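Protein chains in written order, with the numbering used here: chain U, 1 to 201; chain Z, 202 to 402. Even glycine gets a Cβ: it sits at the ideal position worked out from N, Cα and C. All values reported here derive from a predicted model rather than from experimental measurement.
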DNA sequence: TTTTTTATTGAACACTGTTTAATAGATTTG
DNA sequence: CAAATCTATTAAACAGTGTTCAATAAAAAA
């Protein structure tokens, strides 16, 4: 029995080694510029062997996709210590923004790269969990009298759109021309402008 | 002289034929899934000849990128007939959303595909023109007493982020799980929720 | 000790963007 | 008109891609 277990352990370790190599190159060069041969040669491995551990390139990607969402979710949950739900709501947006700044490549992988196929799999489920978390916080705000007369899901979607829009423009660097400020500053100012709008609602 | 002109005309026509073929395939399959060989064979042309008219694949892409922005800009400018700047402001967001719905592939090409290299070239200049147009409308709103105490550029960026976020989530189909509504409906509800927030500002 | 399973490899296949030498055709020049 | 030049086109080649697969060696089970 212990032989089989050792085998399984070794398999898990190889799996991890490949994933480590893939993560490094994926986050450095993006999806398209990362090749199976690159991933393999970085750990002195043959390209074909990768397919013993992963179905295809997209499966490797999806594991990292999921990884990113777990990291993201943990940063969201870290705000549970904030008592006032409205303060928690405001902080959630900042977590989003800070995540996009600190983990730009993960953000790209999670939200902007196309090769995720359709919305399926485990990674997507975690994404949904993140949305539900946000929705829950908004509900708590509404329970305390904020955002009255506004549909919870619509407000959730709107918030998500705004924050994602900010991060998306940042990640694609699609604003440096018109907005002369540094991108990081601009993200915060954009978010603060939004907060100013909802402050009395 | 007329011989040279005919030559030039033929060159322009070939350029257009390639672009027509490329547009069709790009908008159908996206950037990565479109190959020079596909573009060429669709018009019974040899792959190498493409390079007589275009520097590389990315140059073809950029011409379509620019094309999309010109179409987009024309739809923005079509709202100039609306007198009240605030009404014009609200309509601008809807133009954005409708454009993403009706020309999803253009929207992807213009705002979401990575292969545009850095923010350079003619296409980007037109993008900037679109932002400036939005900024101008917001300024007119402010001149009439709306959005007081809010920095014009920050508000412009915030608006852009919100609308782009809505369209981006739509284009990537990253919401069908949590939000059971049809995506098109959800986009409008999200935008209306935003409008409801700024209505009295 | 055989048999079977497991893990690995290198070669091959069908693609990709791009370059280039050869080429045929048209245009210009002597 | 003939020779030289320019223009447009092509097939072949290069280096790269994701993926498959027969061969293979090593380990485990029979």
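- Item | Members of the stretch 330 to 342 of chain Z near chain U, C-beta cut-off 9 Å | 332, 333, 336
- Query: From residue 318 of chain Z to residue 266 of chain Z, what does the alpha carbon distance come to, in whole angstroms?
  - Reply: For residue 318 of chain Z, the predicted structure reports a pLDDT of 48, less than 50, and the residue's modelled location is therefore unreliable. A value from the coordinates is still provided. Going from the Cα of residue 318 of chain Z to the Cα of residue 266 of chain Z covers about 12 Å.
- For the candidate residues Z/307, Z/218, Z/395, Z/247, whose alpha-carbon lies nearest to that of residue 229 of chain Z? Z/307
- Message: Buried or exposed for residue 93 of chain U, going by 16 or more other Cβ atoms inside 10 Å?
- Response: buried
- Task: Check the Cβ of residue 162 of chain U against every Cβ in chain Z and list those closer than 8 Å, keeping chain order.
- Result: 359, 362, 363, 366, 395
- Message: For residue 137 of chain U and residue 85 of chain U, what's the separation of their Cα atoms in angstroms?
- Response: 6 Å
- Residue ranges of each alpha helix (DSSP H) run of no fewer than 4 residues wholly in the stretch 83 to 134 of chain U, ordered along the chain? 85 to 102, 104 to 107
- Item | Completely contained alpha helix (DSSP H) runs for the stretch 134 to 166 of chain U, where each covers 4 or more residues | none
- Item | residue 196 of chain U - DSSP class collapsed to helix/strand/coil | helix
- So residue 88 of chain U packs on residue 97 of chain U, CB below 8 Å; how close in whole Å? Not a contact, Cβ separation roughly 15 Å.
- Query: Can you name the residues of chain Z whose CB is closer than 7 Å to the CB of residue 178 of chain U?
  - Reply: 329, 332, 333
- Message: Among Z/374, Z/366, Z/217, Z/375, whose alpha-carbon lies nearest the alpha-carbon of residue 170 of chain U?
- Response: Z/366
- Message: So that I know if they touch, is there some Cβ in chain Z lying closer than 8 Å to that of residue 119 of chain U?
- Response: At residue 119 of chain U, the pLDDT of 46 sits below 50, so the modelled position is not reliable; the number obtained from the coordinates is stated separately. It does; some Cβ of chain Z falls within 8 Å.
- Using the C-alpha atoms, what's the distance from residue 273 of chain Z back to residue 112 of chain U? 22 Å
- Task: Assign residue 184 of chain U to one of two classes, buried (16 or more other C-beta atoms within 10 Å of its C-beta) or exposed (fewer than that).
- Result: exposed
- Task: Check the C-beta distance from residue 189 of chain U over to residue 391 of chain Z and give it rounded, since I have them as a contact under 8 Å.
- Result: Not a contact, Cβ separation roughly 22 Å.
- In the stretch 36 to 62 of chain U, which residues sit with their C-beta less than 7 Å from some C-beta in chain Z, listed in chain order? none
- Three-state class that DSSP yields for residue 23 of chain U in the structure shown: helix
- So, does the CB of residue 355 of chain Z fall closer than 8 Å to a CB anywhere in chain U? yes
- Task: Go ahead and label residue 213 of chain Z buried or exposed: buried means 16 or more other beta carbons lie within 10 angstroms of its beta carbon, across all protein chains shown.
- Result: exposed
- Buried or exposed by the 16-neighbour rule on C-beta atoms within 10 Å, applied to residue 70 of chain U: exposed
- Message: Give me the chain Z residues within the contact set of residue 124 of chain U, using Cβ-Cβ distance strictly less than 9 Å, ordered along the chain.
- Response: 375, 378
- Message: Buried or exposed for residue 291 of chain Z, going by 16 or more other Cβ atoms inside 10 Å?
- Response: buried
- Would you report the Cα separation of residue 22 of chain U and residue 396 of chain Z, rounded to the nearest angstrom? 43 Å
- Query: What span of residues does the alpha helix (DSSP H) with residue 239 of chain Z cover, start to end?
  - Reply: 237 to 242
- Message: Strictly under 8 Å for the Cβ-Cβ distance: is residue 274 of chain Z near chain U by that measure?
- Response: no
- What's the call for residue 358 of chain Z, buried or exposed, on a 16-neighbour Cβ count within 10 Å? buried
- Message: When you compare the CB positions of residue 207 of chain U and residue 379 of chain Z, do they come within less than 8 Å of one another, or not?
- Response: One cannot answer for residue 207 of chain U here, as it falls past the ends of chain U, which runs 1 to 201.
- Query: Can you tell me whether DSSP reads residue 376 of chain Z as helix, strand or coil?
  - Reply: coil
- Task: Buried or exposed for residue 144 of chain U, please, with buried defined as at least 16 other CB atoms from any protein chain shown within 10 angstroms of its CB.
- Result: exposed
- Name the chain Z residues whose beta carbon is nearer than 7 Å to that of residue 32 of chain U? 233
- Message: Contact defined as beta carbons within less than 8 Å: I believe residue 255 of chain Z pairs with residue 310 of chain Z. What is the distance between those atoms, to the nearest angstrom?
- Response: About 16 Å separates the two Cβ atoms, so there is no contact after all.
- Message: Could you compute how far the alpha carbon of residue 99 of chain U sits from the alpha carbon of residue 161 of chain U?
- Response: 16 Å
- In whole angstroms, what separates the C-alpha of residue 44 of chain U from that of residue 18 of chain U? 10 Å
- Return the residue from the list U/198, U/20, U/182 that minimises the CA-CA distance to residue 61 of chain U. U/20
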